[in-house]
Amino acid sequence: MHYLRCITCGKRYEPDDIVYNCSCGSILEAVIDLSEVENIFDGVNPSVWKYSSFLPVEKKASLHEGGTPLYESINLKKDIGYKRLFIKNEGENPTCSFKDRGMTVGVSKALELGMKKVACASTGNTSASLAAYSAHANLECFVMIPSGKIALGKLAQAIIYGAKVIPINGNFDQALEAVMSASKAFGIYLLNSINPYRLEGQKTIAFEIYDQLGEVPDRIILPVGNAGNISAIWKGFKELKGAGITDALPKMSGIQAQGSMPMVNMYIKGEETLVPEKNPDTLATAIRIGNPVSWQKAINAVRESKGLMESVTDEEILAAQRKLSSREGIFVEPASASSVAGLMKLHENGDIDEDETTVLITTGHGLKDPNAVTESIKIMDPIDCDMDTLRKILGE
Ligand code: F0G
């Protein structure tokens with residue numbers, strides 16, 4: 008059994024209420040009965056649905072999401088001077104981002120509620136994922152995207168899975184506001200991360216890390232955009248503890264791009280409310296977000312866990328993306344590389360301890376945004392294929 012609860016005033020809502028905000032204006036979370044969950048953390052076959060006793064849905068619209076590898080860093084950790092470093096590569100999900108974990112649960116919920124139409128605003132990955140799960144579940148899908156500001160691979164995904172793609176003149180924050188109003192007005196099920204069922208799926212990242220590592224790491228580092236994922240992973244670790252399965256909690260550490268860092272500002276200034284960034288900008292388009300909808304959950308996660316928030320520049324992001332690819336063989340999109348850039352910066356500044364067991368979450372696959380590579384790294388001019396030229400290049 009589960010219900011929905013306002014994170015601010017505690018007001019209760021029932022599972023068949025289609026509601027995203029509390030009447031007080033705050034946001035909702037799902038409350039799970041932890042006395043009913045199963046301790047199945049045996050290190051074998053992790054996947055979102057392995058942990059179904061923690062998930063508040065009965066139906067299952069699945070494309071085999073989760074079960075992503077937890078790589079132990081070989082080279083990067085030496086370069087940085089770190090002892091135990093792991094990379095949870097969420098790019099290895101069905102549509103190549105962590106969003107699939109949320110969508111399998113969110114779309115299952117849409118089916119339970121008998122909804123026929125679903126929608127989201129997106130910087131790219133949410134739209135790709137919702138489009139795929141809607142195709143699988145026979146739902147009509149609308150995605151609103153900031154025109155010209157989503158990576159090519161993600162746009163191609165949303166189109167080919169058959170979503171109605173609606174570019175808007177405006178940024179993600181404006182698209183989200185519009186789709187929230189439109190969903191309410193037209194009876195469409197909203198599947199942005201303000202929908203608490205999305206975060207229920209995403210909390211399985213915590214379960215898989217514990218399952219694969221056999222322990223709770225000291226620190227989790229991940230990119231923050233709309234601030235849902237950091238909230239979800241924290242909820243997952245807290246549920247493991249609440250169920251008596253673990254007794255430790257990780258320090259949740261969120262990274263934002265410097266042109267788009269309202270959560271970092273809030274953390275540094277110790278403020279109680281978020282001041283939105285009106286003109287967010289970064290080449291890490293996935294996290295080009297100025298008014299994160301889950302900011303309350305996210306700041307609680309950071310403060311309760313004694314974690315931190317840090318910002319990185321676009322140059323640092325690109326350098327980190329290249330480093331992770333060339334040193335570990337893991338190609339991630341720019342937003343994901345901000346985890347790596349964040350780790351390097353935090354370590355350099357002496358803000359984190361090299362003895363900590365740390366897990367970096369890399370949230371999306373590098374192939375989603377090939378332009379980020381081809382426009383920033385030049386290759387040599389074409390050559391004529393004669394032996395003299397080849398000898399110069401290959402043989403000497
Ligand atoms: N990394 C990637 C690759 C993302 O696509 C996103 C968010 C994030 C990190 C940040 O996660 O929003 O939970 O803090 N992308 C959304 C989208 C907003 O529309 O695809 P968050």
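Take 8 as the starting number for the sequence shown in my numbering and just add one per residue. Ideal Cβ positions, reconstructed from N, Cα and C, are used throughout, including at glycine.
If you draw a straight line from the C-alpha of E119 to the C-alpha of G109, how long is it?
15 Å
Considering only residues of the region 38-118, which uninterrupted alpha helix (DSSP H) runs meet the minimum length of 4 residues and lie entirely inside it, listed in chain order?
83-87
Under the criterion of a Cβ to heavy atom distance below 7 Å, does P230 qualify as lining the ligand F0G?
yes
In angstroms, rounded to a whole number, what distance separates the CA positions of M187 and L197?
7 Å
Could you tell me if E215 is buried or exposed, where buried requires 16 or more neighbouring beta carbons within 10 angstroms of its beta carbon?
buried
Let me check you understand the geometry: is the CB of G235 closer than 7 Å to at least one non-hydrogen atom of the ligand F0G?
Indeed, a heavy atom of the ligand F0G lies less than 7 Å from the Cβ.
Please check the pair N96 and T369, which I expect to be a contact at CB under 8 Å, by giving their CB distance rounded to whole angstroms.
Right, the Cβ-Cβ distance comes to about 5 Å (below 8 Å), so this counts as a contact.
What whole-angstrom Cβ distance do A165 and A138 have, given they're in contact under 8 Å?
5 Å
Straight-line gap, L256 to K242 (C-alpha atoms, nearest Å):
10 Å
Can you tell me whether G131 sits near the ligand F0G, meaning its C-beta is under 7 Å from at least one heavy atom of the ligand?
yes
Kindly indicate the opening and closing residues of the beta strand (DSSP E) around V172.
Element bounds for V172: 171-175.
Would you report the Cα separation of I252 and I39, rounded to the nearest angstrom?
15 Å
Using 7 Å as the cut-off, classify the Cβ of A342 as near or not near the heavy atoms of the ligand F0G, replying yes or no.
yes
Taking 7 Å as the cut-off, does the CB of S332 come closer than this to any heavy atom belonging to the ligand F0G?
no
Beta-carbon within less than 7 Å of I227's beta-carbon, same chain only, minus the 5 sequence neighbours each way: which residues are those?
I240, P257, M259, S260, V366, I368
Quick check on this structure: which residue in H143, A213, G232, L331 has the alpha carbon closest to the alpha carbon of D86?
L331
With 16 other Cβ atoms within 10 Å as the buried cut-off, status of N100
buried
Only counting the same chain, and skipping five residues up and downstream in sequence, which positions put a Cβ closer than 8 Å to that of N378?
Here the set comprises A158, L159.
Please identify the residue among Q265, S69, Y78, L183 whose C-alpha is closest to the C-alpha of S141.
S69
What three-state label does DSSP hand F149 in the structure shown?
strand
Where I14 and E36 are concerned, what is the direct C-alpha to C-alpha distance, given to the nearest angstrom?
Taking the straight line from one Cα to the other gives about 7 Å.
Looking at C-alpha atoms only, which residue of P230, N233, A326 is the closest neighbour of S383?
A326
Beta-carbon contacts of C16 that lie in its chain and below 8 Å, excluding the five residues immediately before and after
C29, C31, S33
Between which two residues does the alpha helix (DSSP H) harbouring L229 extend?
No alpha helix (DSSP H) holds L229; the beta strand (DSSP E) holding it covers 226-230.
Three-state secondary structure (DSSP) at E36?
In the structure shown, E36 falls within a strand segment according to DSSP collapsed to helix, strand and coil.
Starting from the C-beta of E335, find all residues in its chain whose C-beta is less than 8 Å away, skip the five residues before and the five after it, and write them out in chain order.
The residues are Y78, S80, I81, N82, L83, I94.
E21 classed as buried or exposed, judged by whether at least 16 other C-beta atoms fall within 10 angstroms:
exposed
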